[in-house]
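The sequence shown runs -22 to -1, 1 to 157 under mature numbering (1 follows the signal peptide of the UniProt record, and there is no 0). Have a look at the structure below, then the notes.
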Amino acid sequence: MLRPLILLILPLILLITPAAHANSQAVAIDYLQGSDDIKGVRLAYRPYTHHLVSDWFGEISLYWEASVNVWEYGAQNTHSSNVAFALSPVLMKRIGTVADSYPVYLEAGIGASLVNDREFAGKDIGSHYQFEDRLGLVMSLDEDDSAQVSVRYMHYSNAGLNDDNPGLDFLSLSYIHHF
């Protein structure tokens, strides 16, 4: 009886325990330009970042990101909107610098999302439950990584768990502030 309780509480403790690194938390705001002329805004929060060392990949970072997305489609008279909530683990790897001062990172992640309306932008996306996939480049605006910008490809899909699975694709431009 105690073991399941510990297994339930331990991840919650890890979520609220501050990391020992500076700039471990972050907030982000994204502008999304999607397929079929879908536009949107995405607000995200990263409670902590883990810095890991791997024999294969060297130094990498792992962060969890919780986000809310607001998507809009169509002209004002035929306008529709949708909201999605997502939770994604994301891996980041430093791949270089710009002008020997500004670190550049590659990031990739696959998470889960809950979409409010499964019929959106003239499509039936098949399910309220979608996967959130991302691949992006992140550049720091200063040497201590407190401010960053990113460009990402983001894809939402139910991965074939439903017969309807057209997916939604976005190009994301983001500003990230670490604290």
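No residue lacks a Cβ here, since even glycine has one placed at the ideal position from N, Cα and C. Keep in mind that this is a model prediction, so the values were computed, not measured.
- ALA6 has its alpha-carbon roughly 14 Å from the corresponding atom of PHE63.
- C-alpha of LYS17 to C-alpha of GLY100: approximately 14 Å in a straight line.
- For ARG112, the uninterrupted beta strand (DSSP E) run begins and ends at 107 to 118, by DSSP.
- GLN54 carries a helical assignment under DSSP once its states are collapsed to helix, strand and coil.
- Taking a cut-off of 8 Å for Cβ pairs, the region 55 to 62 and the region 72 to 87 do not touch, as fewer than three such pairs fall below it.
- The beta carbon of LEU149 lies closer than 6 Å to those of GLN11 in the same chain, with the five residues before and after it left out.
- Given a length threshold of 3 residues, each whole run of the beta strand (DSSP E) inside the region 68 to 106 is given here in chain order: 80 to 93.
- SER32 is bridged by DSSP to GLY36.
- In the three-state reduction of the DSSP assignment, SER150 falls in the strand class.
- The three-state secondary structure of SER124, taken from DSSP, is coil.
- Between the C-alpha atoms of VAL82 and VAL76 there is a straight-line separation of about 7 Å.
- Taking C-beta atoms as the reference points, ALA4 and ARG24 count as a pair closer than 9 Å.
- Within 10 angstroms of the beta-carbon of SER118 lie 16 or more other beta-carbons, which makes it buried.
- Cα atoms of THR27 and ASN55: separation of roughly 43 Å, rounded to the nearest angstrom.
- Between the C-alpha atoms of ARG72 and SER152 there is a straight-line separation of about 18 Å.
- Excluding its 5 nearest sequence neighbours in each direction, VAL129 has C-beta neighbours in its own chain below 8 Å: GLY114, LEU115, LEU149, SER150, LEU151 and SER152, listed in chain order.
- Only residues of its own chain outside the window of five on either side were considered, and among them LYS71 have a CB closer than 7 Å to the CB of PHE35, listed in chain order.
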